[in-house]
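A quick write-up on the structure given underneath.
Residue numbers (the working numbering), protein chains in the order written: chain E, 1322 to 1562; chain U, 16 to 139; chain Y, 1141 to 1225; chain X, 460 to 954; chain A, 3 to 83; chain R, 26 to 151; chain B, 3 to 172.
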């Protein structure tokens, strides 16, 4: 009975939602036609090429135009790591080691050893080239964290130092915030670009964008590795398949 | 139409055929190990040749280098993952489908699993 | 040339459909993961082919990342099935 | 000027990233640094308030792009008032919990203080920001800290309350995002002032739908009926200071967002009536529910929801006096409810189930705490010499000016219900015989200070209401002046 | 993708549901790619494939695999497959 | 490509995105298992992201990346909306954070009650 | 993990660096000076970090003879791969599924883990075989069409070609 009611309710909600969005249209300019409306995306696209010299417009929005959002996003991740630690916290003597029955076969271990440095390199490539190609600090950080996940899976006694993680994380976060504050130099504003912008499609272009992305990459990598490590160390009360 | 495009087209065709065969293989085979056999081999070669074909079709060295690195990754990672999967399945207690009569002899791995106290089958 | 690409897409779609059927039919977790693995590999190829169609070289990066990470996803589940996580 | 509004966000973030490092060097610093940061922010807020009073609103531009392109922060009399309030409450909560459970180990303590600081920061960001999507990000920051703080104690049923909160919260954020997308898809901008100046161009149906989605989404966070399922549990299961922080900080920030959308951004005619109806429903149902509770903290939580309903009604009146009354109630609630939470959590400190009956006869065992609780109870129901009286009076005056007789009658009836259940508790504290053998817990030194400060403020507002009404009047004026807001944001440039 | 979503919701075995969410994010990232959003596709791929899976799987490891716990026998039987 | 094709696509894309959201919502509302609820939440997130990205798509559009060779090959194509993509990036990250927190709460609940069945955890009923 | 002398470390570092630099060039597909510079720094850092992990081989792997054998191995491998796929194709398409699966074992002479891994991967990708586990130096192979269960004969059938070449490399 409850199911039927819920399905009916959802059908109504879905119908209205679909009606609204189909009314907006797909693949067309959906903004209201008026002289007053100048969608900001056009300004973004124009400024990206002309003033910032960044190839990837998404990057320029994420890091420069709306860099404050990214600061918030990084904070959300930081908070969720903290929240995870605080929720899953147990007193020291309750906490167990990682419960590994036996190690992976030598093929997997050797393979992870071989693939681990290239995965790190791929992550580094993604966040260094964030302003030139798809990707950026966040994605690069995720890739690096996934590399660590591979090592943690393959070696039962592979450990990541918690202190090292939090040091990296803190330094990266501080770098981001300090770069933001350095924008106040020369009478600027928070997060304002203070470096020369270079030329389009060059590695050294976009002013502070690559630096911020590198900081974000390190931070995200450290945070997500922390998440993985925390949950991997979590030991269930009951073992089952 | 240049030679690049012809070679690339041929490679793409071959690759897509093998990808299709991979899908068909994992559909038709009787048990998980045979499915892995079909899935791994056919899709690996399929993906490799298709990606190389795309690289050659575009014909610039950037494309070829990039597709080459994807190929290398796939060639290394795909067998590892299927190996890990096969081992996991076996250790979980699935025995391969064996057609012939002599079941003991055809399953050489069983002795290892059953003799090793550490490697007891995972309790459910 | 276009026909070849259409053919490739049709074949890949068929492959995906068969893998999806295997995923739904099961019967064990392992079979489903095999289907996932196959789907990942086919998707990587499809992404590369799409990049060629869109004529954007940089799109290949996505396929690269996908190819690298898909394998880790499979290993995660495999290690779980081994009971060794 | 000692700084710019962006420091309200930047400094706590910097500190939050620094705290793990400092904690490795000196463990005590994880408790001290957040307090120092909050004190600094308090100084900043007060001095900026002074600046605003003379020179008009401050518009902070971020990343060097003028408002329709970049994100901006707005610090005017209204937001400044709320920011000061929030940071003051944050400071008090920090002081109160500085030594709470001194046996808490290093790791949880570090996390607790980081989360508390980020709760304050997120709320401040919600109030300050001038961008819709940025608002969403800050709401998420606030809610994630709130989830974690709710589940802070492992011993109780806190995880359930928190899970409930997570479910409601994430559905709310989904709706918020859809609403933001509807606005963007029509107007092509995310800046609040820019949206407000162009809102008349928007398709009316879409406008109504996105407004409703906003109200529902923010209603979840601001505990508005019928979306407040999470609130009583969260209040009851969270640590005492956190409950106070919810009442004093989070709800205020979310309500601000709702008010900002109703007053500044949307120009819908029916919105005020909607607010009144929702507010009345919330008020009546929450007060009726409160009288049926047998646990102290749940009762306080329902009372808090009821107060929020009152604030909504006051905003819904839609006149300057109504806004004044609403802000006055908000201020009073923000000060009195933490007092009740602080003293109440000491009264039931040793009780496992936290029933109201456990505090019978507490007045003899813990006279100071009981006295403060009674003070808070008298104040919040609106007995004449205390703070709550003036706010309720101004509210009734505002309602009477608009001939809302029915509402006045209803509010008075609900007030009687409120008086009944608060008096019941006070009666139990002072005049019942002790039935359980539970001992009273002596408040810590910090708690004494905090509670005394709150009590003094309550008395002060009660006897000299003129000390705060000036600020509230300025805040109400600045909320009402929509054109000036839009103008000042859109013409802002880098100083 | 719809099929995968329905499957993830209907399936009683939570492990299969998790694998299905993996497939959802796979298809989702291809759709993002076709909609010309490579950045988003990259993010979705990176997060959805490995990270979400591991977090979900560890939760399953720590708790229980079947959705319907009342039937403990069935739980054991189908996990043995 | 002609217009009817795009009209059809409108229905397909928005329809499937909304359908996915509704399926997730269904799981959240009806299912009894906590993990199923969390899975439902993550599915809702996926659908929402798809909805937002498809809102930003433009006919014959191309990605907003001015890479090498872009100006020779595809300069006449319109750019799809970069702002929406940036917003979706943020939304994905936040969604992941919330999912992680929810799952850790699930583990906590398991420690206390040894069940994920929603009816046996009393406070969750309302 | 074992302790290493400085020379070993240096050798590994250099091999690792060169290998990663090759990968980097493939990633960036450009020879612009900036990219090379950043690449050198990044790869150097990563290889310093992973000296203990990437223990495949020392500097001698860069000798021309070994590189020749590597390329030769690639050739052998490619041929086997294509044969394997034709084989799979035949089996999958034919209606009656001509399979006779089973698991066989054999011993290998290879010593290092890397060599074993490469051999196992090659076996997985070649006709009708799938490596299931390695215990010390015994391979357990799932064979889709078992011809013999004798370890030596199985070895000849499956892995001899590869191992000859691999012994020359590692």
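Cβ coordinates follow ideal geometry from the N, Cα and C atoms, glycine included.
Using the rule of at least 16 other Cβ atoms within 10 Å of the residue's Cβ for burial, across every protein chain shown, is residue 868(X) buried or exposed?
Taking the fourth chain and counting its residues from 1, one reaches residue 868(X) at position 409. Exposed, since its Cβ has fewer than 16 Cβ neighbours within 10 Å.
Identity of the residues DSSP links to residue 104(B) by a beta bridge
Taking the first residue of the seventh chain as position 1, residue 104(B) is located at position 102. According to DSSP, residue 104(B) bridges with 145(B).
Nearest-angstrom beta carbon gap, residue 1470(E) and residue 52(A) [assumed within contact, 8 Å]
For the purposes of this step, residue 52(A) is identified with residue 50 of the fifth chain, where counting begins at 1. For the purposes of this step, residue 1470(E) is identified with residue 149 of the first chain, where counting begins at 1. Beta-carbon to beta-carbon, residue 52(A) and residue 1470(E) are separated by about 6 Å, close enough to satisfy the 8 Å threshold.
Residue 98(B), DSSP secondary structure in three states:
Against the seventh chain, residue 98(B) aligns to sequence position 96. In the three-state scheme derived from DSSP, where H, G and I count as helix and E and B as strand, residue 98(B) is classed as coil.
Go to residue 511(X), then tell me how far its alpha helix (DSSP H) extends in each direction, as first and last residue.
The residue labelled residue 511(X) in the question sits at position 52 within the fourth chain. Run containing residue 511(X): 488 to 514, per the alpha helix (DSSP H) assignment.
Mind checking whether residue 1376(E) and residue 92(R) have CB atoms under 7 Å apart?
Residue mapping note: residue 1376(E) aligns to position 55 of the first chain, counting from 1. Residue mapping note: residue 92(R) aligns to position 67 of the sixth chain, counting from 1. Result yes, Cβ atoms of residue 1376(E) and residue 92(R) sit closer than 7 Å.
By Cβ distance below 7 Å, which residues in the same chain neighbour residue 48(R) in space, the five residues on each side in sequence not counted?
Numbered from its first residue, the sixth chain carries residue 48(R) at position 23. So the list reads 68, once near-sequence residues are dropped.
By Cβ distance below 7 Å, which residues in the same chain neighbour residue 691(X) in space, the five residues on each side in sequence not counted?
Translated into the one-based positions of the fourth chain, residue 691(X) becomes position 232. Here the set comprises 757, 760, 761.
Taking 7 Å as the CB-CB limit, is residue 129(R) close to chain Y?
The residue given as residue 129(R) occupies position 104 in the sixth chain. At a cut-off of 7 Å between beta-carbon atoms, residue 129(R) makes no contact with chain Y.
Say whether chain U places a C-beta atom closer than 7 Å to the C-beta of residue 1207(Y).
Position 67 of the third chain, counted from the first residue, corresponds to residue 1207(Y). Taking 7 Å as the CB threshold, residue 1207(Y) lines the interface with chain U.
Give, in chain order, every unbroken run of the alpha helix (DSSP H) that is at least 4 residues long and sits entirely within the segment 58 to 106 of chain R.
Secondary structure in the segment 58 to 106 of chain R: the alpha helix (DSSP H) runs of 4 residues or longer, each lying completely within the stretch, are 59 to 80, 95 to 98 in chain order.
Of all the options 604(X), 729(X), 507(X), 576(X), which has the alpha carbon lying nearest to the alpha carbon of residue 549(X)?
Residue mapping note: residue 549(X) aligns to position 90 of the fourth chain, counting from 1. Here the closest residue by C-alpha is 576(X).
Note down the Cα distance separating residue 1417(E) from residue 64(A), rounded to an integer number of angstroms.
Here residue 1417(E) refers to the residue found at position 96 of the first chain. Here residue 64(A) refers to the residue found at position 62 of the fifth chain. Caution applies to residue 1417(E), whose pLDDT of 48 falls short of 50 and renders its modelled position unreliable; the value that the coordinates give is listed next. Note on geometry: alpha-carbon atoms of residue 1417(E) and residue 64(A) lie some 13 Å from one another.
Taking residue 22(U) as the reference, give the member of 43(U), 66(U), 95(U) with the closest Cα.
Along the second chain, one-based indexing puts residue 22(U) at 7. It is 66(U) whose Cα lies nearest to the Cα of residue 22(U).
Report the residues of the segment 1502 to 1524 of chain E with a CB closer than 9 Å to any CB of chain A, ordered along the chain.
Close to chain A, meaning a Cβ-Cβ distance shorter than 9 Å, is no residue of the segment 1502 to 1524 of chain E at all.
Any residues in the segment 1322 to 1350 of chain E with a beta carbon nearer than 8 Å to a beta carbon of chain A? Which ones, in chain order?
Answer set for the segment 1322 to 1350 of chain E: empty.
Do the segment 149 to 165 of chain B and the segment 123 to 137 of chain B touch if we need at least three Cβ pairs shorter than 8 Å?
Touching, yes.
Is residue 124(B) close to chain E, meaning its C-beta is less than 7 Å from at least one C-beta of that chain?
As a first step, residue 124(B) must be located in the seventh chain, where it is residue number 122. Closer than 7 Å: no.
Under 8 Å, with one C-beta from each stretch per pair, do the segment 565 to 573 of chain X and the segment 648 to 658 of chain X reach the 3-pair mark?
Counting Cβ pairs under 8 Å, fewer than three are found: no touch.
Distance, Cα to Cα, residue 1385(E) vs residue 1530(E)?
The sequence position of residue 1385(E) within the first chain is 64, counting from 1. The sequence position of residue 1530(E) within the first chain is 209, counting from 1. When only Cα atoms are considered, residue 1385(E) and residue 1530(E) end up about 7 Å apart.
Bounding residues of the alpha helix (DSSP H) (the contiguous stretch that carries residue 1334(E))
Counting from one through the first chain, the residue named residue 1334(E) turns up at place 13. Per DSSP, residue 1334(E) belongs to the alpha helix (DSSP H) from 1323 to 1345.
Proximity test, residue 66(U) beta-carbon vs the ligand FMN heavy atom, cut-off 6 Å
Ligands displayed in this structure: none; no statement on the ligand FMN is therefore possible.
Give the straight-line distance between the Cα atoms of residue 723(X) and residue 943(X), rounded to the nearest whole angstrom.
The count along the fourth chain starts at 1 and reaches residue 723(X) at position 264. The count along the fourth chain starts at 1 and reaches residue 943(X) at position 484. When rounded, the distance between both Cα atoms is 11 Å.
Could you confirm whether any beta carbon from chain B is found closer than 7 Å to the beta carbon of residue 1427(E)?
Position 106 of the first chain, counting from 1, holds the residue named residue 1427(E). Yes, contact with chain B.
Segment contact, 8 Å Cβ cut-off, at least three pairs: the segment 5 to 18 of chain B with the segment 638 to 645 of chain X
With fewer than three CB-CB distances shorter than 8 Å, the segment 5 to 18 of chain B does not count as touching the segment 638 to 645 of chain X.
Let's test the definition: count the other Cβ atoms within 10 Å of the Cβ of residue 513(X) and tell me whether it reaches 16, buried, or not, exposed.
In the fourth chain, counting from the first residue as 1, residue 513(X) sits at position 54. By the neighbour-count criterion, in which 16 or more other beta carbons inside 10 Å mark a residue as buried, residue 513(X) falls on the exposed side.
DSSP-derived helix/strand/coil call for residue 588(X)
For this step, residue 588(X) is matched to residue 129 along the fourth chain. If DSSP states are grouped into helix, strand and coil, residue 588(X) belongs with the strands.
Nearest CA to the CA of residue 788(X): which residue from 824(X), 755(X), 857(X)?
Sequence index remark: in the fourth chain, residue 788(X) carries index 329 (1-based). The residue with the shortest Cα to Cα distance from residue 788(X) is 857(X).
Against chain X: residues of the segment 1358 to 1389 of chain E by CB proximity under 8 Å:
Answer set for the segment 1358 to 1389 of chain E: 1358, 1359, 1360, 1361, 1362, 1364, 1365, 1368, 1385, 1386, 1387, 1388, 1389.
Neighbour list for residue 77(U) in chain B, Cβ cutoff strictly below 7 Å:
Here residue 77(U) is taken as the residue at index 62 of the second chain, counted from 1. Contact note: residue 77(U) reaches chain B through 31, using a C-beta cutoff of 7 Å and chain order.
For the segment 1159 to 1222 of chain Y, which segments carrying the alpha helix (DSSP H) assignment without a break, of at least 4 residues, lie completely within its bounds, in sequence order?
Fully contained in the segment 1159 to 1222 of chain Y are the following alpha helix (DSSP H) runs of length 4 or more, in chain order: 1169 to 1194, 1200 to 1222.
Own chain residues within Cβ distance below 7 Å of residue 637(X), not counting five before or after:
For the purposes of this step, residue 637(X) is taken as residue 178 along the fourth chain, with counting starting at 1. Taken in chain order, the residues that qualify are 672.
Are residue 1391(E) and residue 520(X) closer than 7 Å when you measure CB to CB?
Against the first chain, residue 1391(E) aligns to sequence position 70. Against the fourth chain, residue 520(X) aligns to sequence position 61. It is not a contact, given that the beta carbons lie outside the stated cut-off.
Residues of the segment 82 to 101 of chain U with Cβ closer than 9 Å to any Cβ of chain B, in chain order:
If you check each beta-carbon in the segment 82 to 101 of chain U against every beta-carbon of chain B, the ones closer than 9 Å belong to 83, 84, 87, 90, 91, 93, 94, 95, 97, 98, 101.
Looking at residue 1548(E) and residue 1447(E), is the spacing between their C-beta atoms short of 7 Å?
Counted from its first residue, the first chain places residue 1447(E) at position 126. Counted from its first residue, the first chain places residue 1548(E) at position 227. Taking 7 Å as the Cβ cut-off, residue 1447(E) and residue 1548(E) do not qualify as a contacting pair.
For the segment 731 to 739 of chain X against the segment 786 to 806 of chain X, are there 3 or more C-beta pairs whose distance is under 8 Å?
Short answer: they don't touch.
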